[in-house]
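Student:
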Amino acid sequence: MSEPKGFISWANAGPRKIYQGVHVAPDRVKVYYNLNLECLSVIDAETNLLYCHAHRVELKDASFRVQEAGRQRVLREKRKNVHAYIVGNFHDIGERHAACVCKGYDNCEDCCPESMPIFEGATYNPYKYKTFVNDVSKSPIHKSEHVVVRDRTAIGYMFNIFYIPEPKPKPWFGGRKRAKLLELT
82 MSEPKGFISW ANAGPRKIYQ GVHVAPDRVK VYYNLNLECL SVIDAETNLL
132 YCHAHRVELK DASFRVQEAG RQRVLREKRK NVHAYIVGNF HDIGERHAAC
182 VCKGYDNCED CCPESMPIFE GATYNPYKYK TFVNDVSKSP IHKSEHVVVR
232 DRTAIGYMFN IFYIPEPKPK PWFGGRKRAK LLELT
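What follows is the structure, encoded as structure tokens:
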């Protein structure tokens with residue numbers, strides 16, 4: 082597959098930082114879908130400079146961000162702009178997880194970790210939601226320990242963000258104590 086003009090691949094990105102004399106990739110990045118190139122843009126969160134383009138990015142300790150002023154501009158002008166992105170610690174990039182290589186079909190948990198049942202889908206539409214939301218429950222998403230973002234050409238139009246939901250906090254009273262209190266009354 083040939084890449085569009087302006088596409089900067091991971092291999093051609095070139096190091097932008099030097100750590101103890103060694104060129105390194107950025108630790109914390111912002112990822113958003115680039116409408117012009119139909120791929121993901123990876124931005125160094127520290128410098129806000131483009132690092133590379135990709136078709137798949139894995140992030141750890143990620144947060145889902147929507148800039149409200151940019152969203153309001155989309156609603157007002159009915160024209161898209163970059164105002165929603167996922168920020169996280171860069172973990173992995175590349176096409177080696179694009180499809181299963183060991184079993185010959187898609188959705189192998191060894192080759193495509195986002196196909197594991199612990200991952201859920203997410204989406205964002207500025208005309209419907211103020212934040213990123215779960216695909217099924219439509220509940221807001223703000224953080225996740227592990228996120229995989231794939232562009233639309235890799236897996237389909239709506240299912241391009243996969244995340245592990247944050248565990249729900251346990252009630253401070255433990256749940257069972259309240260039941261005992263109800264029995265006593």
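Start counting at 1 in the sequence shown, then tack on 81, and there's your number in my numbering. Glycine included, each C-beta is placed from N, C-alpha and C at the ideal position.
Which whole-angstrom value describes the C-beta separation of K224 and A143, a residue pair presumed to lie in contact below a C-beta threshold of 8 angstroms?
Tutor: Taking the sequence shown and counting its residues from 1, one reaches residue 224 at position 143. Taking the sequence shown and counting its residues from 1, one reaches residue 143 at position 62. About 7 angstroms; that satisfies the 8 angstroms criterion.
Student: Would you say Y208 and I242 are within 9 angstroms of each other, going by their C-beta atoms?
Tutor: To locate residue 208, count along the sequence shown from 1; it is residue 127. To locate residue 242, count along the sequence shown from 1; it is residue 161. Result no, Cβ atoms of Y208 and I242 do not sit closer than 9 angstroms.
Student: Name the one or two DSSP bridge partners that I167 has.
Tutor: As a position in the sequence shown, residue 167 is number 86, starting the count at 1. Answer is V112, F145, bridged to I167.
Student: Got a sec, what are the start and stop residues for the beta strand (DSSP E) T204 sits in?
Tutor: Residue numbering aside, residue 204 sits at position 123 when the sequence shown is read from its first letter. Its beta strand (DSSP E) spans residues 201-204.
Student: With H, G and I counted as helix, E and B as strand and the rest as coil, what does DSSP make of V217?
Tutor: Mapped onto the sequence shown, residue 217 falls at position 136. Coil at V217, not helix or strand.
Student: Compute the Euclidean distance between the alpha carbons of I222 and A203, then round it to the nearest angstrom.
Tutor: In the sequence shown, counting from the first residue as 1, residue 222 sits at position 141. In the sequence shown, counting from the first residue as 1, residue 203 sits at position 122. Their Cα atoms are separated by approximately 8 angstroms.
Student: Can you tell me where the beta strand (DSSP E) holding D226 begins and where it ends?
Tutor: Residue mapping note: residue 226 aligns to position 145 of the sequence shown, counting from 1. The question names Asp, but residue 226 in the sequence shown is Glu. Residues 224-231.
Student: Give the DSSP-derived three-state secondary structure of A106 in the structure shown.
Tutor: In the sequence shown, residue 106 corresponds to position 25, counting from 1. Three-state DSSP puts A106 in coil, outside helix and strand.
Student: Here's a check: name, in chain order, each residue in its chain whose Cβ is nearer than 7 angstroms to the Cβ of I199, leaving out the five neighbours to either side.
Tutor: On the sequence shown, residue 199 is found 118 positions in, with the first residue counted as 1. I245, listed in sequence order.
Student: Can you look up M239 in the DSSP assignment and give me helix, strand or coil?
Tutor: Reading the sequence shown from its first residue, position 158 is the one you call residue 239. The predicted position of M239 is uncertain, since its pLDDT is 45 and thus under 50; a value taken from the coordinates is nonetheless stated next. Reduced to three states, the DSSP call for M239 is coil.
Student: So H227 and K111 are in contact, right, with Cβ under 8 angstroms, and what is the actual spacing, rounded?
Tutor: Here residue 227 refers to the residue found at position 146 when the sequence shown is read from its first residue. Here residue 111 refers to the residue found at position 30 when the sequence shown is read from its first residue. With 8 angstroms as the limit, H227 and K111 do not qualify as a contact, their Cβ atoms being about 17 angstroms apart.
Student: Roughly how many angstroms lie between the CA atoms of K161 and N117, to the nearest whole one?
Tutor: Stepping through the sequence shown from its first residue, residue 161 is reached at position 80. Stepping through the sequence shown from its first residue, residue 117 is reached at position 36. If I take the Cα positions, the gap works out to 11 angstroms.
Student: Under 6 angstroms Cβ to Cβ from F213, same chain only, skipping five residues before and after it: list those, please.
Tutor: Counting from 1 along the sequence shown, the entry for residue 213 is found at position 132. Result list for F213: F145, A203, Y205, I222, in chain order.
Student: Helix, strand or coil: which one does DSSP assign to Y186?
Tutor: Taking the sequence shown and counting its residues from 1, the one referred to as residue 186 is at position 105. The predicted position of Y186 is uncertain, since its pLDDT is 49 and thus under 50; a value taken from the coordinates is nonetheless stated next. Looking at Y186 - three-state DSSP - the assignment turns out to be coil, as it is neither helix nor strand.
Student: Run through DSSP, which three-state label would R157 get?
Tutor: Sequence index remark: in the sequence shown, residue 157 carries index 76 (1-based). R157 falls in the helix class under three-state DSSP.
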